[in-house]
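J.:
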Amino acid sequence: MAEDLIRYDILAQEALRGVVRKVLSEVARTGLPGEHHFFISFVTRAPGVRLSERLLAQYDKEMTIVLQNQYWDLKVTETAFEVGLSFDGQPEMLVIPFSAVKGFFDPSVQFGLQFEPELALDPSDEGEAAEGEDEDDVAAEEPAAAIAAENAAEKVVSLDAFRKKP
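Residue numbers (UniProt numbering): 1 to 166.
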């Protein structure tokens, strides 16, 4: 098989990250429509991620946030998004580059995307568990892709579906 010098895998991931960017931009402008809400998992130590030392200590490798009822100041740029959430009653502002996102899932319509974040963690590493968090803050332990896998009617788009089999 010929070597992929164009790097279609990277181009496809960038295009799918554009879907997440577009959705979040629209939500920042108009709010969440209908029953839509999002589970977004990301690598906490990826370049450009900003969160408090308290959260970083609790979620050393990966974190999943839920944008549903209680979030504020959602701002989206070409490369990242910023959002306010409450954790154990304490407000926090998070900055998450799209390159750090590992999964995006909207359970209202069973739609999900999985990504290979830049400088991703070893696949054998697991996300840290959340304890005592509100439902709208963090989905304990499970990244968006794992949540999607638990739903029988899921429609997770994996890049492997588009790769040629050897």
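Note that beta-carbon positions come from the ideal geometry of N, C-alpha and C, so glycine has one too. These numbers come from a predicted model, not from an experiment.
Counting C-beta neighbours from all protein chains within 10 Å, is the total for P47 16 or more, i.e. buried, or is it exposed?
T.: exposed
J.: If I'm right that L51 touches L24 with Cβ under 8 Å, what's the distance once you round it to whole angstroms?
T.: Not confirmed; about 17 Å, so no contact.
J.: What separation, rounded to the nearest whole angstrom, lies between the Cα atoms of Q68 and Y8?
T.: 33 Å
J.: For the putative contact between E62 and K102, defined by C-beta atoms under 8 Å, what is the C-beta separation to the nearest angstrom?
T.: So it is a contact: roughly 7 Å between Cβ atoms.
J.: Taking the CB atoms as reference points, tell me whether A80 and F42 lie closer together than 8 Å.
T.: For A80 and F42, no; Cβs fall outside 8 Å.
J.: Just to check my reading of the structure: residue 216 and D73 have Cβ atoms closer than 8 Å, yes? What is that Cβ distance to the nearest angstrom?
T.: In the structure as shown, the chain starts at 1 and stops at 166, and residue 216 therefore has no counterpart that could be examined.
J.: Would you report the Cα separation of H36 and M1, rounded to the nearest angstrom?
T.: 42 Å
J.: Does DSSP classify G34 as helix, strand or coil?
T.: coil
J.: Name the residue from Y59, K75 and Q70 whose alpha carbon lies nearest to the alpha carbon of A28.
T.: K75
J.: Please tell me whether E92 and L55 are closer than 8 Å, where the distance is taken between their beta carbons.
T.: yes
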